[in-house]
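Right, one structure below, let's go through it.
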Amino acid sequence: MTGVGFVWKNLYRKKTRTFLTFFCLFIAFLLYVALGSIAVVFSLDTVSGELGANRLQTSAKYSMIDDIPKRYVDEISQLDGVELVTHMSWFGGYYQEPSNMLVTFPVDPSTFFRVYPEYEISDEHLTAFLETRRGMVAPIETVERYQWKVGDIIPIGSDIYAQKDGNYTWEFELVGYYTPSQEGMSAVLLQFDYFEEANAFGPGSVGWLAIQIADPELAPELAQKIDSMYINSSDPVRTATESESNRQFLAQYGNITLMMSGILLAVFFTILLVCANTMAQAFRERIAELGVLKTIGFNDFRLGFWMLSEAILLSVLPAIFGVVFGMGLLMAVGSSGAAAMFVPTPPMPVLLSTAASSLALAAGLGVLVGAIPALSTTRMTIVDAMHA
Amino acid sequence: MAFIELNNVVKNYAKGSEVVHVLQDLNLSLEAGDFLALMGPSGSGKSTLLNLIGGIDQPTAGRVVVAGSELGSMSSSQLAKWRSESIGFVFQFYNLLPFLTAQRNVELPLLLTNLNGSQRKENAMTALRTVSLDDRAKHKPGELSGGQQQRVAIARAIVADPQILVCDEPTGDLDRQSAQEILALLEILNEQFKKTIIMVTHDPLAAEHAKNILHLDKGVLVESGQTEVAT
Numbered sequence: 001m002t003g004v005g006f007v008w009k010n011l012y013r014k015k016t017r018t019f020l021t022f023f024c025l026f027i028a029f030l031l032y033v034a035l036g037s038i039a040v041v042f043s044l045d046t047v048s049g050e051l052g053a054n055r056l057q058t059s060a061k062y063s064m065i066d067d068i069p070k071r072y073v074d075e076i077s078q079l080d081g082v083e084l085v086t087h088m089s090w091f092g093g094y095y096q097e098p099s100n101m102l103v104t105f106p107v108d109p110s111t112f113f114r115v116y117p118e119y120e121i122s123d124e125h126l127t128a129f130l131e132t133r134r135g136m137v138a139p140i141e142t143v144e145r146y147q148w149k150v151g152d153i154i155p156i157g158s159d160i161y162a163q164k165d166g167n168y169t170w171e172f173e174l175v176g177y178y179t180p181s182q183e184g185m186s187a188v189l190l191q192f193d194y195f196e197e198a199n200a201f202g203p204g205s206v207g208w209l210a211i212q213i214a215d216p217e218l219a220p221e222l223a224q225k226i227d228s229m230y231i232n233s234s235d236p237v238r239t240a241t242e243s244e245s246n247r248q249f250l251a252q253y254g255n256i257t258l259m260m261s262g263i264l265l266a267v268f269f270t271i272l273l274v275c276a277n278t279m280a281q282a283f284r285e286r287i288a289e290l291g292v293l294k295t296i297g298f299n300d301f302r303l304g305f306w307m308l309s310e311a312i313l314l315s316v317l318p319a320i321f322g323v324v325f326g327m328g329l330l331m332a333v334g335s336s337g338a339a340a341m342f343v344p345t346p347p348m349p350v351l352l353s354t355a356a357s358s359l360a361l362a363a364g365l366g367v368l369v370g371a372i373p374a375l376s377t378t379r380m381t382i383v384d385a386m387h388a
Numbered sequence: 001m002a003f004i005e006l007n008n009v010v011k012n013y014a015k016g017s018e019v020v021h022v023l024q025d026l027n028l029s030l031e032a033g034d035f036l037a038l039m040g041p042s043g044s045g046k047s048t049l050l051n052l053i054g055g056i057d058q059p060t061a062g063r064v065v066v067a068g069s070e071l072g073s074m075s076s077s078q079l080a081k082w083r084s085e086s087i088g089f090v091f092q093f094y095n096l097l098p099f100l101t102a103q104r105n106v107e108l109p110l111l112l113t114n115l116n117g118s119q120r121k122e123n124a125m126t127a128l129r130t131v132s133l134d135d136r137a138k139h140k141p142g143e144l145s146g147g148q149q150q151r152v153a154i155a156r157a158i159v160a161d162p163q164i165l166v167c168d169e170p171t172g173d174l175d176r177q178s179a180q181e182i183l184a185l186l187e188i189l190n191e192q193f194k195k196t197i198i199m200v201t202h203d204p205l206a207a208e209h210a211k212n213i214l215h216l217d218k219g220v221l222v223e224s225g226q227t228e229v230a231t
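Protein sequences appear in the order of chains A and B.
At position 210 of the first sequence (counting the first as 1) the number is 210 in the numbering used here, and the numbers step up by one without a gap.
At position 188 of the second sequence (counting the first as 1) the number is 188 in the numbering used here, and the numbers step up by one without a gap.
What follows is the structure, given as structure tokens:
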């Protein structure tokens with residue numbers, strides 16, 4: 001047996017209490033990693049990445065659920081500084097069951113992949129998409145998950161758009177797939193021409209525009225120019241950089257960072273009390289034993305250090321499990337398609353940074369709750385301890 | 001100078017605003033290899049005297065010299081080191097750690113040495129053999145009888161091979177037969193292993209196993225004598 005072994009055995013001497021404390025801390029750190037990482041995503045521009053720097057996004061001024069006229073595509077394309085404009089619409093799709101939600105956008109294939117080069121598609125599949133009236137492409141992960149094959153006719157249900165015959169289930173032919181170059185890219189893309197022709201609302205509208213610009217520094221000026229073009233029309237718009245648009249979209253949920261910080265603060269205050277209580281109990285129960293150990297010859301510093309180490313182990317071990325599970329959970333959500341749209345998957349650097357801060361927090365928590373028992377251990381005299 | 005020597009030792013405790021005089025101007029000399037029984041009524045200062053000799057308490061005044069070391073001049077950490085090397089303690093209620101096996105309990109004092117894991121285990125098993133409990137090495141204290149637990153405690157006290165054993169009522173919690181076994185073991189340790197033993201006891205029959213008996217009353221040595229026959 002070593003000193004480490006002794007601390008370890010002490011930690012598990014009350015198995016139920018240790019398990020319950022571990023479980024509390026495990027849940028707390030799982031929440032910390034999951035909510036903390038998401039809060040970072042909501043507070044920073046980690047959604048659109050570098051490629052989003054030269055793109056503007058134009059949508060209806062008052063609500064993102066309103067459509068805008070399709071003619072804006074051509075009009076905005078004429079502006080100096082604008083290289084290319086594409087459009088998307090929110091289809092609200094699902095496969096077979098509403099629970100199999102898919103992020104589904106009818107798009108113009110001729111411009112979409114040029115504005116969004118991060119959607120990597122082969123020439124063969126792009127050509128097929130361009131040439132197939134009911135064509136559809138999906139990310140490779142979605143194709144594999146549902147075991148689709150190129151050429152399959154895929155029924156896609158919509159929560160929003162019925163066909164002219166009133167049927168909400170559409171049929172598209174899978175003509176290819178693309179490889180996302182970033183996490184969280186999970187959209188199934190439909191041929192817009194067919195969607196426009198067949199939907200019950202009629203043609204002429206799109207959801208929003210993505211505008212590729214020549215110089216990111218021109219973005220504020222161009223955004224203002226576009227907005228002013230339609231300010232007195234029946235369909236005014238709001239234009240912003242893609243990152244700002246994403247931030248605004250996410251902000252619809254409320255002040256996520258503040259909410260999550262509040263939840264985490266409450267969780268950790270409770271956990272602090274739970275841990276402090278556990279360590280205080282552990283200390284009280286073994287005062288006489290500490291007296292015996294001192295009598296045998298263990299010095300104050302060593303026993304205090306063991307007590308502190310026990311507190312740190314008590315908080316760091318479940319934190320490690322919580323962090324690993326939390327990261328796994330976020331990655332699982334991120335790869336689950338539709339959920340990723342609402343719960344943005346933090347990029348790996350954010351996850352790793354949150355994991356590191358979790359472990360540092362756990363160690364700090366351990367020091368905090370172990371400090372008083374450790375100090376009391378060092379200060380306690382043998383005679384007092386043996387009489388306890 | 002004697003192996004254990006106390007000169008004009010005074011020990012007072014503060015109890016609220018009151019000062020309790022536990023030992024008063026006490027002088028004592030013991031030679032190496034002695035087996036001393038300290039007797040006296042409750043509150044007479046037996047355990048306090050034992051604590052002073054064992055280096056777990058400091059005198060208010062006077063001088064305590066044990067095995068050539070003056071304990072009053074040592075710091076807390078020096079005393080801890082000295083105790084780990086020089087003294088083995090046996091308590092009335094055994095004071096074994098309940099979550100460790102007998103072997104692990106015995107091994108504890110060896111964590112303070114430079115021995116490696118296998119040497120520590122080997123020494124612990126040797127100590128358990130000495131007290132005839134090597135077959136119970138893997139048992140936890142809760143799985144042992146009182147007498148067996150006290151033998152494990154004695155194995156823990158001797159595992160680092162200290163010169164002195166300090167025993168505070170080692171048979172106080174045991175039935176007569178177990179008490180006799182423990183006392184016989186202490187005699188063996190004294191006679192064959194040449195350990196100097198100081199034992200506090202209330203039991204005259206237990207005291208008879210010692211070579212010398214001292215009586216304390218109200219902090220003063222009132223009587224001393226030699227036992228006639230150690231049985």
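Beta carbons: idealized from backbone N, C-alpha and C, even for Gly.
Indicate whether residue i and residue j have their beta-carbon atoms separated by less than 9 Å.
| i | j | result |
| --- | --- | --- |
| I296(A) | R83(B) | yes |
| F22(A) | W306(A) | no |
| L20(A) | A319(A) | no |
| G55(B) | I154(B) | no |
| L96(B) | R136(B) | no |
| F321(A) | F129(A) | no |
| V367(A) | T278(A) | no |
| L35(A) | Y119(A) | no |
| I53(B) | D34(B) | no |
| V85(A) | I263(A) | no |
| T241(A) | P203(A) | no |
| K61(A) | S205(A) | no |
Answer with buried or exposed for residue i, where buried requires no fewer than 16 other C-beta atoms within 10 angstroms of its C-beta.
| i | result |
| --- | --- |
| T179(A) | exposed |
| L205(B) | exposed |
| M1(B) | exposed |
| I188(B) | exposed |
| I168(B) | Correcting the residue identity first, residue 168(B) is Asp in this sequence and not Ile. Classification for D168(B): buried. |
| P109(A) | buried |
| M386(A) | buried |
| T196(B) | buried |
| K233(B) | Since the first residue shown for chain B is 1 and the last is 231, residue 233(B) is missing from the structure and cannot be characterised. |
| V4(A) | exposed |
| S48(A) | Confidence at S48(A) is low in this model, with a pLDDT of 47, below 50, so the placement of that residue should be treated as unreliable; the coordinate-derived value is given next. So S48(A) ends up on the buried side. |
| V143(A) | buried |
| F201(A) | exposed |
| E310(A) | buried |
| S315(A) | buried |
| M413(A) | Here chain A has residues from 1 to 388 only, and residue 413(A) is not among them. |
| Y94(A) | buried |
| G207(A) | buried |
Based on DSSP bridge pairs, tell me the residues matched to residue i.
| i | result |
| --- | --- |
| R71(A) | DSSP output for R71(A) lists no bridge partner at all. |
| V19(B) | A14(B) |
| W208(A) | S59(A), M88(A) |
| Q191(A) | V107(A) |
| P180(A) | Y119(A) |
Sort the options by Cα distance to residue i and report the nearest one.
| i | options | result |
| --- | --- | --- |
| H215(B) | L185(B), D135(B), K46(B) | K46(B) |
| E97(A) | G291(A), G157(A), P139(A) | G157(A) |
| N10(A) | Y194(A), I312(A), P106(A), L272(A) | I312(A) |
| Q177(B) | L221(B), K81(B), G146(B) | G146(B) |
| Q148(B) | S77(B), V66(B), P170(B) | P170(B) |
| L50(B) | P98(B), L23(B), S118(B), D161(B) | L23(B) |
| A80(B) | F298(A), G328(A), S358(A) | F298(A) |
| H209(B) | S76(B), R151(B), N190(B) | N190(B) |
| Q150(B) | P162(B), T48(B), Q163(B), G172(B) | G172(B) |
| V103(A) | G304(A), W148(A), D159(A) | D159(A) |
| M1(A) | M74(B), K218(B), P109(B), A32(B) | P109(B) |
Under 8 Å from any heavy atom of the ligand GTP, does the C-beta of residue i make it?
| i | result |
| --- | --- |
| F172(A) | With respect to the ligand GTP, the structure offers nothing, as it holds no ligand at all. |
I'd like to know if residue i contacts chain D, where contact means its C-beta is closer than 9 Å to some C-beta of that chain.
| i | result |
| --- | --- |
| T381(A) | The chain labelled as chain D is not found among the protein chains of the depicted structure, namely A and B. |
The stretch 93–124 of chain B: positions lying closer than 8 Å to chain A by Cβ: N95, L97, P98, F99, L100, R104, E107, L108, P109, L111, L112, G117, R120
Between the stretch 294–312 of chain A and chain B, which residues of the former have a C-beta closer than 8 Å to a C-beta of the latter? K294, T295, I296, G297, F298, N299, D300, F301
Along the stretch 50–67 of chain B, where does the CB come closer than 7 Å to a CB of chain A? Name the residues. N51, I56, D57
Selection of the stretch 75–95 of chain B by Cβ proximity to chain A, strictly under 7 Å: S76, S77, A80, K81, R83, S84, F89, N95
What are the residues in the stretch 274–289 of chain A lying within 9 Å of chain B by C-beta distance? R286, A288, E289
Using a Cβ-Cβ cutoff of 7 Å, what residues of the stretch 11–26 of chain A are near chain B? List them in chain order. R13
Members of the stretch 316–333 of chain A that neighbour chain B once the beta carbon cut-off is set at 9 Å: none
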